[in-house]
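Chains as they are written, first to last, in our numbering: chain C, 104 to 603; chain Y, 562 to 641; chain Z, -15 to 151; chain R, 64 to 248; chain L, 450 to 593; chain B, 8 to 511. Notes to accompany the following structure.
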Amino acid sequence: MESLTPLLAILCPAIAAPLVLLSRNHPNIREGWTIAAGITMFALVLSMGPEVLKGDVIRFTMFHTMFKNIDFAFKVDAFGLIFAITTSSLWILVSLYSIGYMRSLKEHAQTRYFFAFCLAILGAIGVALSANLLTMFVFFEIITVSTYPLVIHEQTPEALGGGHKYFAYLMPAGAFFLFGVVATYYLTGSCDFTPGGIKALATTSPVAATVLFFCFLLGFMKAAWMPFHSWLPTAMVAPTPVSALLHAVAVVKAGVFGIVRMICYIFGVGLVDELGLWLILACIAGFTMIMGSFFAIAQDDIKKRLAYSTISQLSYVILGAAFLTKDGVMGAMLHIPFHAYMKITLFLCAGAILVGSGKRKISEMAGLGKTMPVTMLAFSIAAIGMAGLPPLCGFISKLYLCFGAWELHPPYGMIFLAVILTSSVLDIVYFFPIIHAAFFREPVDAERTNGGYVIKEAPTFMLVPLSITAAFSILFFIYPHTFYIIDLVQLAIVELFGGG
Amino acid sequence: MILPIDLILLFFLVIIAIAAVTVKDILAAVILTGAYSFVMANVWLQMGSSDVAFTEAAIGAGVSTALMVAAISRTTRWEK
Amino acid sequence: MTGGGAIPEKRMAGRDVIIETISRLILPFILLFGFYVMIGTEGTGGGFQGGTILAAGFILYITVFGAKRGREMIPESVNTFFESFGLYLYNGSGLLCIIFSMGAVQFLNYPGIWPVTDLVGVAGSRAWIIAFMVEVGIGLTVMAAFISQYFDLAWKDEEEEMVVRKE
Amino acid sequence: MKSLSSFGIVIVIILIGLSAYVIEDLPAFGDENSPANKYIRIFSMQSDAMGSMLESGVIPIELKNKIYEFGFNEENHYPTLEEGGYEIEWNEENGGWDVLIEEGEIYYNEPIKYYCIRVLGEELAVYRYNWPVRVIEWTEEETATPNAVTSGLADYRGFDTMGEETVILTGAIAVTMLLRRRGRL
Amino acid sequence: MMEWLAQHVLEKYNFWIAMTIILIGLYAAMAKGNLLKKLIGLSIFQTAMFLWFISLGDVGRDVMVTWGLKGGTPPIIWEKAVEEGYTYVNPLPNVLMLTGIVVSAATTAVALAIVIRIYQKYGTIEEDEILERELQEEVRYASG
Amino acid sequence: MLLAEQLPVIIVTVAMFCGFTILLAGYLNKKSAFWISLLANIVFFALSILTLRHVLAVGPIKYWQGGWRPPWGIEYVVDAMNAYLLVILFFIVILIEIYSKRNVEKEIEARKHPTFYALIQLMVAGLAGITVTGDLFNMFVWLEIASLTAYALIAVAGGRALRASYNYVIMGSIGAVFYIFGVGWIYAATGTLNMADMRILLPVVYDSRLVQMAFAFIVVGIMIKAYIFPLHFWQPDAYTYAPSSVSAMIASIHGKVMIYILIRLVYSVFTLDFIRYYIGLDLIICWVAAAGILAGSVFAIKQRNVKRMLAYSSVSQFGYILLGIGLSPLSPWGLVGVVAHILNHAVMKGCLFLAAGSFIHQEGKWDIRSFEGLSKRMPWASGAFAIAAISMIGIPPTAGFASKLFLILASLDAAQYPFVVILLLSGLLNLVYFWRVIDRMYFVRHEEPTEGGNEGTRRLPISMTAPMMVLAALCIILGIFWLTDIPMPLINQILSDLSTGGRL
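As structure tokens, then:
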């Protein structure tokens, strides 16, 4: 079905960006644009839900390109809509939070910040709604470039170093992705996302397909899988809302989204299985999960710890997709929004802690639960969810992943099940000390550690978003139909694997 | 038109070209270039290209040389 | 070519009467020959050669009498005018073809200038326009251009000498 | 720029090698019939008694088609060998038949020499006449200028000359711009 | 070998001599240090190229047979010429090379103007010294 | 003969006419020079658009100078490629002229303005002449006009530009003579100078060594003129020290037209068959191009002077065009890449040079290391620089991406996989040296000097900002334009006019 809605949704941040730039002298108007665009976009995205649930795929072709069979087009299918909903809903919250954060820390260059933020969201929503690899690549690169000013926001040499590292990883990744796009087109004459994969790819030589697969995998370096993860902790020099954006919404999520897209909609489950690539991918993902957790344990800086946690958690999605089973893919798809909500809560909390108490180190956080109850409560909720414990949405996705692992061939199934469970235990290991310190340890002398900084609860602008995300983390467990998420995932699974 | 004369002129050309390139006095080199152009004009006359010979004699041997001499008068005469 | 190129003004005192007289005598003949070569399409020669010979004549005059008196004889305005005027003639003869024939014939298709063609016929019009617009145009431009180049290359400034000496 | 001297020697050696390589195909000095001076042989075909047809003033249809296919056709803005649009005449000097075609230009309708057809044993060789032949033959008649260089310079290739004038003017302007210190410009 | 020499070197002596001068000029234009010498080399180079081009259009010389005693006549159409059996040379190379000569003269003039300006600035027209001066400036800039 | 068919020749000749007129008018009134030149170029731009429309609608224009049929006289052929280049030429020239008004007032003394604009106008005429001509020797004449003007325009900056210009004179003349030498060989082989005629006659003599020699000499000559990698050594100096507007014009237009000669010769005269089957040069061209792409980028990384960096970047980018030419016997996308990159690079490089020129104009800064805080003081110029730099890197919605995409597709299509790697690597190298500048301008923390009194008063004049902004906007618009199928008719027309055998 042709409809203008996807375009309108994408236009929201695209229009907001220049408006933000134009009203740079009026902070309230500037941030008003951001919020207004966010709400409009969310409404637009959500309005497509019922239509998509009916089984329709909403398409919008912007123009035909010079390449035969490739249009510059947007397509709203179930899987894309999940990511779109995640992105657009979190944009509003992160914007609200950013306002509080930036104003209370009196950061410089706020206009640049909000401008780049709009562009990053534009990229993310574009990736979510794009109908083919070329369109996706365009928005992918928009994300990469627009995130750079956010990463180096501090403009210290350290921040610039982080930014350069960020580029040093992600620009070559973009090159690999570009090669993948062109090679796919060259091999198959098409690069549309088709449920079940592009047919012509199955008939090309296995070597070409394998090379292509790894090109894409390197292209989705944004997913921070293990040998190529180190840009992500380095990029932690960015302000906290940016880290939240990087980790939960735009960048890394786009990476894993891309991997799932590639496996399920370009190669197709059958081909990946046939080539035996799933095992390599699953091994990479399993390795990343375990190692990421171990690295996280070693970190004292809360944002670094969260960063490694992200690396570990993203691999759940890759692993789920690599299983190529119905439940595995379902778990992977579910983990995208669920992890986004939980991780963003954690990051927002970390930012709130920084604003409220000026603390970054976990070892200094003793007793924070008393002075910042809301923040730490939200943090605890999200942390529990990350570990995959029941009253939170993380449980659902991990459960499906476990089912997915169970469906595998006998030896692998047990191994990967063990990996998932080990990783979950490690999650508890690295989150528990924080919660413990916050609630059950006596505060150290605040005067001595923090140079006269009065510890108080963070501003309301920041508290509201993080409470909302924490609440949603629970809500998704209780009522997974919120924002149609579970329905959409089921629909996507039906599209991919057929049958009920 | 006549081979021996032609060959002698061409041989001259080579000699003059080598001399013009190697001589240290640039004024001499310029005058040799003029001579080169003039011999060249003769060769062309031999080849029945009277118009080109005329032009080369007027422009190559005449005006170009004058311009070069003018330029030398404003720069230096000796090559190092 | 006394003094190599142009004679600086201060050396005008040591000028040679014989050279001056001979060059003054010979100049009209050089110019006449130049014009003959320029316009005569019957034999060898044409605009380039004629123009160059004219230029050479003037260059002789400039060399002998000094740049200042040369400038008096060929003022900058005249020189610049001829530089452009020659090309106006040539380029204009081409454009006139289009204009006269209202775009019916091509650039430089000389019979398109029908008033001339009516007078002297197709082949004649070509010959006439070649002789009196094209060759003259070429000649004037070449002459003026070479004279201008020679002036600029040869005319040594007093202050320039000072600068060079200082360095 | 010192490095350029060794570079120069390398180039000199390369050029000498190239010259030795290419010299074999260069037409001999003074060759009257070389492509540059007269005509270029475009193709040859089995004669098959076509010579007699040529003698009677008709170009055989195969030959006509071959010429057409070769690229000398309306598409390339060549005057074609339509019936009656061409003439054939024997040229003693070349030992072949000249094919004259009417160009149908605005001011000139005389047939112009385009091809030369010679019988060489069994073969029928077709040549295409080049620039000098036409200009030397027609300069007097078309431009009333006996000097072929002048007519070539000012008429047949008049645009070159105009550009070249502009080059001279450009040189003068450039020198003026770089050096002139007195006067208005 | 001798045959090859006779056929391709003696018979085409125009090309070889032109090539020799071309190489002399080219080498001078590239390798000489003096700017005016470069220019002289360039003008020799250009003119030698024109020589080769003009010799393409010459007619009537059969070096091996007639010792080159017969040659073309200037392409000025002349009734008597036909009667006496002259061949006109090819006018096209002449037309082209006329243009070439004029172009080379213009290039020379511009180059000379630049040389004079260089001399006014650096006080020398030796390339090495100019480069040295520039290097000194560079060092001066780098040291503040 | 329709007036539309007269348009290309009217453009060229009247452009020259304006050149002389500017000289005379400038003699009388110095201010008039600029305005005549600008007005004339605007008119020519309109005419060139009409030409392009006519060509696309009706087909190639074949124009016989003086009414002489092609093998006898000089023919001008305007097919889609020429008309397209003509439009680009005049468009960029107009923008750069608008920019140059104020810049030239500052960089060049007032008495030289009439001659300066006369030379600019003559250069444009020469470039237009190269573009439309269909005759090899006629091309040489225009080539010399364009080159002579370029020598003088570079030298007018004085100082080091003089030596740079002198090197250019020597190398350029050697290149021109090589070109004419090559023309001589091909004339000896075929006896014609007309390109279309030569295309017909050349198959007869493809085996002849003369043609190979001709090809070698012509290509080397054009390589010198178009500063393709191993023969580029005159170019960085010339670009660095020339007046800003001149280096912008030469970088964005002059080089393009020079490489157009190569394109025209390869496609329309020697034909791809010859390149591929008779001398087997296509892959060698590709490798030369690849070496140029990498070497240019590596050299650019080493530079501190922003204009010199851009100059080396040009060397690298010309490798892209040459790579497209080399790949085109194997894949039609190669030519698409060439066509796209000619326009894209003209726009991008023009924008970059204008921006760099305005940094020099306003603050006298050419050292990349002194660019801190430039984004605050000159937001528009540095914005334009950033957009164009991003486009050079090849980030998607910009023009550079499109050409990179086409070339990658071409090399895949031609099954020449190494070039894919080289193209992608080149994008990353571009990132290294352009991002360095962007970092300096935008992101490196920088203390504003406290005496901000005269900061606000000296702003870049609008006539300098506007052209940059137009070009920067075009960087993005073109990026989208090339992805759409709007240029398809143009590209198909170009493909069929250049007889590459087939359409997309």
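Yeah, the Cβ is synthetic: ideal placement off N, Cα and C, and Gly gets one too.
Handout entry: 6 Å CB neighbourhood of P209 of chain R in its chain, flanking five on each side removed
Key = Counting only Cβ-Cβ distances below 6 Å, and skipping sequence neighbours, we find E203.
Exercise for the section: Go ahead and label T239 of chain R buried or exposed: buried means 16 or more other beta carbons lie within 10 angstroms of its beta carbon, across all protein chains shown. Expected result: buried
Handout entry: Chain-order list of residues whose beta-carbon lies under 8 Å from that of R376 of chain B (same chain, five-residue window excluded)
Key = R311 and R447
Problem - Spatial neighbours of V85 of chain B in its chain, beta-carbon cut-off 7 Å, leaving aside the 5 residues before and after - result: Closer than 7 Å at the Cβ level, and outside the excluded window around V85 of chain B, lie P15, T58, V62, P67, I68 and V139.
Exercise for the section: Output yes if chain Z places a C-beta closer than 8 Å to the C-beta of R58 of chain R; else output no. Expected result: Residue 58 of chain R cannot be examined here, being either before or after the span of chain R that is shown, 64 to 248.
Problem - 8 Å Cβ cutoff, F240 of chain C in contact with chain B - result: yes
Problem - Coarse secondary structure for K461 of chain L, derived from DSSP in three states - result: coil
Exercise for the section: State the CB to CB distance for the pair A171 of chain B and I161 of chain B, rounded to an integer number of angstroms; the pair is presumed to be in contact (CB under 8 Å). Expected result: 6 Å
Exercise for the section: From the DSSP output, in three-state form, read off S233 of chain C for me. Expected result: strand
Handout entry: Reduced DSSP category for A176 of chain C - H, G, I as helix; E, B as strand; rest coil
Key = strand
Problem - Limits of the unbroken alpha helix (DSSP H) element including E377 of chain C - result: V372 to L378
Exercise for the section: Note down, one range per segment and in chain order, each alpha helix (DSSP H) of at least 4 residues found wholly within the region 353 to 388 of chain B. Expected result: 381 to 384
Practice task
Measure the alpha-carbon distance for N96 of chain R versus L475 of chain L and round it to whole angstroms.
Solution key: 32 Å
Handout entry: Selected residue, minimal CA-CA separation from E156 of chain R, among R:G246, R:T224 and R:K101
Key = When each option's Cα is compared against that of E156 of chain R, the closest is R:K101.
Exercise for the section: Identify, in the order they occur along the chain, each residue of the same chain with its Cβ nearer than 7 Å to the Cβ of A129 of chain Z, setting aside the five sequence neighbours on each side. Expected result: So the list reads E67, once near-sequence residues are dropped.
Problem - Span separating the alpha-carbon of V477 of chain C from that of L566 of chain C - result: 7 Å
Practice task
Thinking W489 of chain B and A347 of chain B are a contact (beta carbons under 8 Å), I'd like their distance in whole angstroms, please.
Solution key: W489 of chain B to A347 of chain B, Cβ: 5 Å. Contact.
Practice task
Have a look at Z:F19, Z:Y74, Z:G35 and Z:I14 and flag the residue whose alpha-carbon is nearest the alpha-carbon of T224 of chain R.
Solution key: Z:Y74
Handout entry: For L497 of chain B, the first and last residue of its enclosing alpha helix (DSSP H)
Key = M495 to D504
Practice task
Reducing DSSP to helix, strand and coil, say where D507 of chain L ends up.
Solution key: coil
Problem - 8 Å Cβ cutoff met for P494 of chain C and I577 of chain C - result: yes
Handout entry: Nonlocal neighbours in the same chain, by C-beta distance under 7 Å from V123 of chain C, ignoring five residues either side
Key = Around V123 of chain C: R133, W136, T137, T214, F217, F218 and C221.
Problem - Test: I525 of chain L CB closer than 8 Å to a CB of chain B - result: Not an interface residue.
Exercise for the section: Just tell me which of C:F319, C:F331 and C:W328 has its CA closest to the CA of F370 of chain C. Expected result: C:F319
Problem - Neighbourhood of I14 of chain Z by C-beta distance below 8 Å, restricted to the same chain and skipping five residues each side - result: I37, L38, A40, G41 and L44
Handout entry: Three-state secondary structure (DSSP) of W71 of chain B
Key = W71 of chain B falls in the strand class under three-state DSSP.
Handout entry: the region 141 to 160 of chain B / the region 41 to 49 of chain B touching (three or more Cβ pairs under 8 Å)
Key = no
Practice task
Measuring only between beta-carbons, confirm whether T469 of chain L sits less than 8 Å from chain Y.
Solution key: yes
Problem - Proximity below 8 Å, CB of R570 of chain Y to CB of V591 of chain Y - result: Rather than Arg, the amino acid found at residue 570 of chain Y in this sequence is Leu. Going by C-beta atoms, L570 of chain Y is not nearer than 8 Å to V591 of chain Y.
Practice task
Go ahead and label R220 of chain R buried or exposed: buried means 16 or more other beta carbons lie within 10 angstroms of its beta carbon, across all protein chains shown.
Solution key: With 16 or more Cβ atoms within 10 Å of its Cβ, R220 of chain R is classed as buried.
Handout entry: Per DSSP, cross-strand counterpart(s) of K501 of chain C
Key = DSSP lists no partner for K501 of chain C.
Practice task
Please decide whether I164 of chain R counts as near chain B, where near means a Cβ-Cβ distance under 8 Å.
Solution key: Not an interface residue.
Exercise for the section: Starting from the beta carbon of V212 of chain R, find every residue of chain Y whose beta carbon is closer than 9 Å, and list them in chain order. Expected result: S610, S611, D612 and V613
Handout entry: Bounding residues of the beta strand (DSSP E) (the contiguous stretch that carries Y153 of chain R)
Key = Reading the sequence as shown, one finds Trp at residue 153 of chain R and not Tyr. Looking at the DSSP string, the run of the beta strand (DSSP E) that includes W153 of chain R is Y149 to N154.
Practice task
Leaving aside the five residues before and after Q109 of chain R along the sequence, list all residues of the same chain whose C-beta is less than 8 Å from its C-beta, in chain order.
Solution key: E185, E186 and L187
Exercise for the section: Round the Cβ separation of T572 of chain C and L451 of chain C to the nearest angstrom and send it over; I've been treating them as touching at under 8 Å. Expected result: 7 Å
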